[in-house]
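Below is one structure, written out as structure tokens; comments come after it.
Numbering (the numbering used here), first residue to last: 15 to 182.
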């Protein structure tokens with residue numbers, strides 16, 4: 015990864031192209047904005063019709079539209095710090111990006127969150143020259159066994175410390 019890519023996509027490690035396409039750049043911007051709690055950038059990179067589905071559905075995370083998702087991220091991620099994503103692989107199609115990513119973060123209770131994801135993004139097709147694609151669909155697969163155990167432990171740590179737990 016070049017120094018330019020490192021400065022453009024803060025807190026993103028791993029297999030990042032030196033000159034990513036506009037579609038890959040939109041996805042990396044999304045990842046970077048999450049690690050920084052940058053809701054303004056998240057709002058800008060998401061299409062108004064954005065929908066996020068966390069899979070498998072059996073873990074019970076509701077499907078969220080753009081504003082619901084931003085509100086969820088804004089509330090939950092204030093309880094994390096030193097958050098990074100590591101991109102292990104990115105595969106690009108015409109309007110679809112798939113990425114294998116890991117996370118590393120600390121929580122305000124002292125917990126450590128390290129999960130693995132497969133993100134499937136669908137992007138808008140720009141209608142004007144110079145227009146950047148936006149994310150319109152996200153299907154997020156995660157290690158649900160790890161996440162379920164982590165959030166149960168995090169709730170226990172939060173209760174013991176008299177804090178509000180992270181939402182899962």
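In this text, a Cβ means the ideal position worked out from N, Cα and C, and glycines have one as well.
With respect to the C-alpha of residue 91, the residue from 45, 31, 40 having the closest C-alpha is 45. Closest in C-alpha terms to residue 120, from the list 94, 98, 130, comes 94.
By the beta-carbon neighbour count (other beta carbons within 10 angstroms, threshold 16), residue 39 is buried. Distance from the CA atom of residue 43 to the CA atom of residue 167, rounded to whole angstroms, is 30 Å. DSSP places residue 84 in the helix class (H, G or I) of the three-state scheme.
Counting along the chain, the unbroken alpha helix (DSSP H) around residue 164 starts and ends at 158–175.
In the structure shown, residue 136 adopts extended strand secondary structure according to DSSP, grouped into three states.
Between residue 155 and residue 131 the beta-carbon gap is near 6 Å, inside 8 Å, which marks them as a contact. Counting of Cβ neighbours within 10 angstroms places residue 47 among the buried residues, the total reaching 16 or more. Scanning the stretch 22–68 for uninterrupted beta strand (DSSP E) segments of 3 residues or longer gives 26–28, listed from N- to C-terminal end.
Under DSSP, residue 154 takes part in a beta bridge, and its partners are 68, 133.
Secondary structure at residue 93: helix, using DSSP grouped into helix, strand and coil.
Your pair residue 171 and residue 125 checks out as a contact, with CB atoms roughly 6 Å apart and the cut at 8 Å. Out of 157, 117, 61, 99, the CA that lies nearest to the CA of residue 139 is found in 61. Excluding residues up to 5 positions away in sequence, 27, 28, 116 lie with their Cβ nearer than 6 Å to the Cβ of residue 100 in the same chain. Counted as a single uninterrupted DSSP element, the beta strand (DSSP E) harbouring residue 120 occupies residues 110–121.
Minimum Cα-Cα distance from residue 146 among the listed residues 31, 36, 23, 24 corresponds to 36.
Residue 112 is a Cβ neighbour of residue 133, given a cutoff of 9 Å.
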